[in-house]
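So the structure is just underneath, and the comments pick up after that.
Number of protein chains: 2
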Amino acid sequence: MSESKALAFIGLGVMGYPMAGHLQKAGHEVTVFNRNTDKARQWAEEYGGQWATTPAQAAANATMVFSCVGNDDDLRAVMLGEDGVLRGLAPAAIVVDHTTTSAEVAREVAGLLAAHGNGFIDAPVSGGQAGAINGQLTVMCGGRDDIYRQVTGVVAAYAGTIKWLGDTGAGQLAKMVNQICIAGLVQGLAEGLHFAQAADLDVAAVVEVISQGAAQSWQMNNRHQTMINGQYDHGFAVDWMRKDLAYVLEEARRNGSHLPVTSLVDQFYSEVQSLGGGRWDTSSLLARLEHFRK
Amino acid sequence: MSESKALAFIGLGVMGYPMAGHLQKAGHEVTVFNRNTDKARQWAEEYGGQWATTPAQAAANATMVFSCVGNDDDLRAVMLGEDGVLRGLAPAAIVVDHTTTSAEVAREVAGLLAAHGNGFIDAPVSGGQAGAINGQLTVMCGGRDDIYRQVTGVVAAYAGTIKWLGDTGAGQLAKMVNQICIAGLVQGLAEGLHFAQAADLDVAAVVEVISQGAAQSWQMNNRHQTMINGQYDHGFAVDWMRKDLAYVLEEARRNGSHLPVTSLVDQFYSEVQSLGGGRWDTSSLLARLEHFRK
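If you read the sequences in order, they're chains A and B. Just so we're aligned, residue 67 is where the first sequence starts under our numbering, counting upward by one. Just so we're aligned, residue 67 is where the second sequence starts under our numbering, counting upward by one.
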């Protein structure tokens, strides 16, 4: 465990709430900020930390500021806004952002912070709510190598794996690769299960066999049963996936890569939203296929 | 090990050759047939078995006949043709077909054999050439339950897993589910790696991180390095995948399932063929994306 530090945590959603809790439990003095102050008050009571009424106030005494908010605009607001982190940040304090954003906003925020002598690490996570609660998140980092090395001991409070992947934005770009792989993979799995159901196969028996070979995936192992059951009230929401895929497709336009299936699956998720499934798990691509069943 | 039996094996391709070898090594008396008789003679020398000049002759004394040929037409030819297995088959002998075919031809052949008092098991495999050589294939079976139970002890000579999945055709349908899952999955992986290269990321480092979570797959674990290297002279050939996907898409038309990404990826494989990649591994979907790089 690293020595006790004064830290700030901005954003107490399903991820941030337990992540900030792990920092406090690791012996740090954490001050949180959340737009909904009831949640911040509840957090402070649960973990014995402090809460502030603005990001600037939360950041005032911190040597490191962590954030986990919704999207690019939310990040700009809490960092660069009127009462944003930048207004309160101590000299040489470091900002670690766990939001999944564009690589561009990571570079923008990093640049503004650097002008004030503050370091920035873009550090999106995977592992979901369960990973946040168990402290087993995977953290993908971009930014200056020397700054990265200063934060790993603290981030370890909620990380199973933490890895530096390159300059500012590299964490976000790696997270995009993750989402691209998942999009095609889940649609393939959904089509497989949909076909199996249409063919009147014992779907669980088929999965038991094919999961031992070249068709195996984490999604197959962990999602096939809920997909067969039509259960989607868990996991990673379609609305969030679409937000991430918007950043992916924007970045692909910039770097000239071709993502035909990713962009098609993004459209399928748009249809899932139309079916009322914005809060459903990403595996609900099967529900869309079943909806169109003759 | 089961007691020694007189067996026949039809088709000594990269799969059938070692499979027939495992049967002979398990103590059975195997007679092989292959269109190219040089290969049959070579096999007989290597394993000390017999070879025949027609499928009917190979089957003449066998209690079980195994086949592993190219496609529906090949299966019809070796089973139902002029000198086909059906002409030579002993009463009550069982045919086990390891070819990946349509479910329809499996039902057609099973029906004709049943009329002669012979059992039939459709039993496509996965695990590739390595699985055939190591005797660790996964075998997906359809057919009468009581007939299935008679063959498992023999098939075990080259199987790591053997599973009964339902009536005649169920083995083929399960294999189709396998190929559907792989098509979407590999395209997703290819798009992810393509994007990572375009974004100038350290692709191996990114894969190391994301393979620990929800994007993980057998393909990611076993193919990312060769994909990054642009190495495709191994694995499962695009030409064979297209053959399998043709049966998949035909069956989907019949059972009313929707396979938008599978059918798109089939088209992508058609483009890989146009690029001269018919013999490349299925992971060469990345080569297609890189071909279109600006």
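Note that beta-carbon positions come from the ideal geometry of N, C-alpha and C, so glycine has one too.
If we cut at 9 Å on Cβ distances, does Glu274 of chain B have a partner in chain A?
Against the second sequence, residue 274 of chain B aligns to sequence position 208. Yes, Glu274 of chain B lies at the interface with chain A (some Cβ there is under 9 Å from its Cβ).
Quick one: Cα of Glu356 of chain B to Cα of Gln297 of chain B, how far?
Locating residue 356 of chain B in the second sequence gives position 290, counting from the first residue. Locating residue 297 of chain B in the second sequence gives position 231, counting from the first residue. Near 13 Å, if we compare the C-alpha coordinates of Gln297 of chain B and Glu356 of chain B.
Between the alpha carbons of Ile76 of chain B and Arg142 of chain B, how many angstroms are there, rounded?
Position 10 of the second sequence, counting from 1, holds the residue named residue 76 of chain B. Position 76 of the second sequence, counting from 1, holds the residue named residue 142 of chain B. Spanning the two alpha carbons is a distance of roughly 12 Å.
So that I know if they touch, is there some Cβ in chain A lying closer than 9 Å to that of Ala332 of chain B?
In the second sequence, counting from the first residue as 1, residue 332 of chain B sits at position 266. Here residue 332 of chain B turns out to be Asp, not Ala, going by the sequence shown. Closer than 9 Å: no.
Answer yes or no: does any C-beta atom of chain A fall closer than 9 Å to that of Glu148 of chain B?
One-based indexing of the second sequence puts residue 148 of chain B at position 82. It does not: the Cβ of Glu148 of chain B has no partner Cβ on chain A nearer than 9 Å.
Quick one: does Pro84 of chain B have its CB under 9 Å from some CB of chain A?
As a working mapping, residue 84 of chain B is identified with position 18 in the second sequence. By this cut-off, Pro84 of chain B is not an interface position.
List the residues of chain B whose Cβ lies closer than 8 Å to the Cβ of Ser340 of chain A, in chain order.
Start at 1 with the first residue of the first sequence, and residue 340 of chain A comes out as number 274. Residues of chain B passing the Cβ test: none, with the nearest at roughly 16 Å.
Using the beta-carbon of each residue, which ones in chain B are nearer than 7 Å to Asp268 of chain A?
Numbered from 1 along the first sequence, position 202 holds the residue referred to as residue 268 of chain A. For Asp268 of chain A, the chain B residues whose C-beta falls within less than 7 Å of its own C-beta are Leu231, Gly232, listed in chain order.
For the candidate residues A:Val131, A:Tyr83, A:Gln333, whose alpha-carbon lies nearest to that of Gly185 of chain A?
Translated into the one-based positions of the first sequence, residue 185 of chain A becomes position 119. Comparing Cα positions, the closest option is A:Val131.
Using 9 Å as the threshold, is the C-beta distance between Ser350 of chain B and Gln238 of chain B below it?
As a working mapping, residue 350 of chain B is identified with position 284 in the second sequence. As a working mapping, residue 238 of chain B is identified with position 172 in the second sequence. Against a cut-off of 9 Å, the Cβ pair of Gln238 of chain B and Ser350 of chain B comes out as no contact.
Measuring alpha carbon to alpha carbon, tell me which of A:Ile246, A:Gln195, A:Ala240, A:His260 ends up nearest Ile246 of chain B.
Here residue 246 of chain B corresponds to residue number 180 of the second sequence, with the count starting at 1. Among A:Ile246, A:Gln195, A:Ala240, A:His260, the Cα nearest to that of Ile246 of chain B belongs to A:His260.
Where does Cys247 of chain B sit, in a helix, a strand or coil, going by DSSP?
Reading the second sequence from its first residue, position 181 is the one you call residue 247 of chain B. Helix.
Indicate whether Ala236 of chain B and Gly208 of chain B have their beta-carbon atoms separated by less than 9 Å.
If you number the second sequence from 1, residue 236 of chain B lands on position 170. If you number the second sequence from 1, residue 208 of chain B lands on position 142. Contact flag set, yes.
Could you spell out where the beta strand (DSSP E) holding Trp230 of chain A opens and where it closes?
Here residue 230 of chain A corresponds to residue number 164 of the first sequence, with the count starting at 1. Run containing Trp230 of chain A: 225-230, per the beta strand (DSSP E) assignment.
Let me check understanding here. Comparing Cα to Cα, which of A:Tyr313, A:Gly197, A:Val314, A:Lys229 lies closest to Phe302 of chain A?
Your numbering for residue 302 of chain A matches position 236 in the first sequence. Closest option to Phe302 of chain A, Cα to Cα, is A:Gly197.
Gly250 of chain A vs Asn244 of chain B beta-carbon contact at 9 Å:
Indexing the first sequence from 1 puts residue 250 of chain A at position 184. Indexing the second sequence from 1 puts residue 244 of chain B at position 178. At least 9 Å separates the beta-carbon of Gly250 of chain A from that of Asn244 of chain B.
Sufficient close CB pairs (3 or more, under 8 Å) joining the stretch 149-157 of chain B to the stretch 214-224 of chain B
no
Which residues in chain A have a C-beta closer than 9 Å to the C-beta of Met206 of chain B? List them in chain order.
Counting from one through the second sequence, the residue named residue 206 of chain B turns up at place 140. Around Met206 of chain B, the beta-carbon contacts reaching into chain A at under 9 Å are Val272, Val275, Ile276.
Touching by the beta-carbon criterion (3+ pairs, under 8 Å), the stretch 309-316 of chain B and the stretch 261-277 of chain B
no
Quick one: Cα of His94 of chain A to Cα of Ala159 of chain A, how far?
Against the first sequence, residue 94 of chain A aligns to sequence position 28. Against the first sequence, residue 159 of chain A aligns to sequence position 93. If I take the Cα positions, the gap works out to 15 Å.
Quick check: the Cα distance between Ser133 of chain A and His290 of chain A, rounded to an integer number of angstroms?
In the first sequence, residue 133 of chain A corresponds to position 67, counting from 1. In the first sequence, residue 290 of chain A corresponds to position 224, counting from 1. The C-alpha of Ser133 of chain A lies about 33 Å from the C-alpha of His290 of chain A.
Please classify Leu347 of chain A: does DSSP put it in a helix, a strand, or coil?
Against the first sequence, residue 347 of chain A aligns to sequence position 281. Correcting the residue type first, residue 347 of chain A is Asp in the shown sequence and not Leu. Note: Asp347 of chain A maps to strand in three-state DSSP.
In or out: Ser283 of chain B buried (at least 16 other Cβ within 10 Å) or exposed?
Numbered from its first residue, the second sequence carries residue 283 of chain B at position 217. With 16 or more neighbouring CB atoms inside 10 Å of its own CB, Ser283 of chain B falls in the buried class.
Local Cβ density within 10 Å of Asp373 of chain B, reported as buried at 16 or more and exposed below that:
The displayed coordinates of chain B run from 67 to 360. Any statement about residue 373 of chain B would go beyond what the structure contains.
Chain D contact residues for Leu255 of chain B, given Cβ-Cβ distances below 9 Å:
Here chain D cannot be found, since the structure's protein chains are A and B.
Got a sec: is the Cβ-Cβ distance from Gly87 of chain B to anything in chain A below 9 Å?
Counting from one through the second sequence, the residue named residue 87 of chain B turns up at place 21. Not closer than 9 Å to any Cβ of chain A, the Cβ of Gly87 of chain B fails to qualify, so no.
Residues near Ser70 of chain A in its chain [Cβ-Cβ closer than 6 Å; skip 5 each side]
In the first sequence, counting from the first residue as 1, residue 70 of chain A sits at position 4. If the five residues before and after Ser70 of chain A are omitted, its C-beta is found closer than 6 Å to the C-beta atoms of Gly93, His94, all from its own chain and listed in chain order.
Where Val80 of chain A falls, given that 16 or more other Cβ within 10 Å makes a residue buried
For the purposes of this step, residue 80 of chain A is taken as residue 14 along the first sequence, with counting starting at 1. Its Cβ having fewer than 16 others within 10 Å, Val80 of chain A is exposed.
Among B:Gln195, B:Ile228, B:Ala262, nearest to Arg359 of chain B - alpha-carbon criterion
In the second sequence, counting from the first residue as 1, residue 359 of chain B sits at position 293. Comparing Cα positions, the closest option is B:Ala262.
Would you mind giving the Cβ-Cβ distance between Gly154 of chain A and Ala122 of chain A, rounded to the nearest angstrom? I have them listed as a contact below 8 Å.
Position 88 of the first sequence, counted from the first residue, corresponds to residue 154 of chain A. Position 56 of the first sequence, counted from the first residue, corresponds to residue 122 of chain A. Between Gly154 of chain A and Ala122 of chain A, the beta carbon gap of about 3 Å places them in contact (Cβ cut-off 8 Å).
Within 10 angstroms of the Cβ of Asp211 of chain B, are there 16 or more other Cβ atoms? Answer buried if so, exposed if not.
Taking the second sequence and counting its residues from 1, one reaches residue 211 of chain B at position 145. Classification of Asp211 of chain B: exposed, given that the 10 Å Cβ count is below 16.
Proximal residues of chain A, C-beta to C-beta of Val161 of chain B below 7 Å
As a first step, residue 161 of chain B is located in the second sequence; it is residue number 95 there, counting from the start. Neighbourhood of Val161 of chain B in chain A, by CB distance below 7 Å: empty, with the nearest CB roughly 21 Å away.
Glu174 of chain B burial status per 10 Å Cβ neighbour count (16 or more: buried)
On the second sequence, residue 174 of chain B is found 108 positions in, with the first residue counted as 1. Buried, because 16 or more other Cβ atoms sit within 10 Å of the Cβ of Glu174 of chain B.
Would you call His324 of chain B buried or exposed, if buried means 16 or more other Cβ atoms sit within 10 Å of its Cβ?
For this step, residue 324 of chain B is matched to residue 258 along the second sequence. Buried is the call here.
For the beta strand (DSSP E) that contains Thr204 of chain A, what are its first and last residues?
The sequence position of residue 204 of chain A within the first sequence is 138, counting from 1. Per DSSP, the continuous beta strand (DSSP E) segment holding Thr204 of chain A begins and ends at 203-207.
Out of curiosity, what's the CA-to-CA distance linking His300 of chain B and Trp117 of chain B?
As a first step, residue 300 of chain B must be located in the second sequence, where it is residue number 234. As a first step, residue 117 of chain B must be located in the second sequence, where it is residue number 51. Distance between the alpha carbons of His300 of chain B and Trp117 of chain B is about 29 Å.
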